[in-house]
Amino acid sequence: MKNVLQYTILGLLNNQSLTGYEIYKSFSEAIGEIWNAKHSQIYNELKKLVQSEHIYISNIDESSKIAKKIYSITPIGKTALYHWIETADEEENTKDPFAIKVYFYDALSTEAKQELLRTKKVAKQDKLTQLNAIFQQLDPHKDAQHIRILKKALLREQAYVDWLDFCLSEQ
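Going by full-length UniProt numbering, the first residue of the sequence shown is number 1, and it counts up by one from there.
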């Protein structure tokens, strides 16, 4: 397996058995700050992981109108996950559409450039505020994984604000 989404799902299931919805929900919480996936992508990966025997359906919760499959990791899945964690040297995604705009924005007026940068800075500062609020509520004894991810997200957003300040200072 080369797909990071597969390993992310294995990592979540290594912590505890989950339904597909619970896995999906994890992507809108802490993991979403470093990796995102659509509903359809997650369910496609779950299907592949079951077929490859990395996970299995451990139970079906029929307590609601819709039966929910509960997924668990297998020993094969654990071996694959641990091997990936210990050996993978993944390249970071460096795509940033906004930075491309800034690269080419010299044709704009100074006012237009400043407005573009200020608008982005406000959005990034709002994101920092949101992340800080979540970070402050975490318990270091229970939420170590979440804290590590949020700290990375906070540093990423602060670095972006610093870069925007640099760009604004050039004007």
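Backbone N, C-alpha and C define an ideal beta-carbon position, used for all residues, glycine too.
Any idea what DSSP makes of L10, helix, strand or coil? For this step, residue 10 is matched to residue 10 along the sequence shown. Helix at L10.
M1 versus T94 - alpha carbon distance: As a position in the sequence shown, residue 1 is number 1, starting the count at 1. As a position in the sequence shown, residue 94 is number 94, starting the count at 1. The predicted position of M1 is uncertain, since its pLDDT is 45 and thus under 50; a value taken from the coordinates is nonetheless stated next. Across the structure, M1 and T94 are spaced so that their CA atoms are roughly 22 Å apart.
Just the Cα atoms here: how many angstroms apart are N44 and K68?
As a working mapping, residue 44 is identified with position 44 in the sequence shown. As a working mapping, residue 68 is identified with position 68 in the sequence shown. Cα to Cα, the separation comes out at about 16 Å.
Next item on the list: On a CA-only basis, which of L131, K120, E90 and E92 is nearest L155? Give me that one, please.
Entry: Within the sequence shown, the letter at position 155 stands for residue 155. It is L131 whose Cα lies nearest to the Cα of L155.
Self-check item: Close Cβ partners of P140 (< 7 Å) along its chain, the five nearest in sequence each way excluded
Solution: Counting from 1 along the sequence shown, the entry for residue 140 is found at position 140. Result list for P140: I147, in chain order.
Could you give the distance in angstroms between the alpha-carbon of K78 and the alpha-carbon of S72? Working through the sequence shown from its first residue, we reach residue 78 at position 78. Working through the sequence shown from its first residue, we reach residue 72 at position 72. K78 and S72 have their alpha carbons spaced roughly 10 Å apart.
Practice prompt. Quick one: grab the DSSP three-state call for K65.
Written response: Here residue 65 refers to the residue found at position 65 of the sequence shown. Coil.
ask   = When you compare only the Cα positions, how much space is there between E91 and S63?
value = Here residue 91 refers to the residue found at position 91 of the sequence shown. Here residue 63 refers to the residue found at position 63 of the sequence shown. The straight-line gap from Cα to Cα measures roughly 43 Å.
Can you give me the Cβ contacts of L138 inside the same chain, cut-off strictly under 8 Å, excluding the 5 residues immediately before and after it? Residue mapping note: residue 138 aligns to position 138 of the sequence shown, counting from 1. H146, I147 and L150, listed in sequence order.
For I31, report the span of its alpha helix (DSSP H) as first-last.
On the sequence shown, residue 31 is found 31 positions in, with the first residue counted as 1. Looking at the DSSP string, I31 is not in any alpha helix (DSSP H), and its letter there is neither H nor E.
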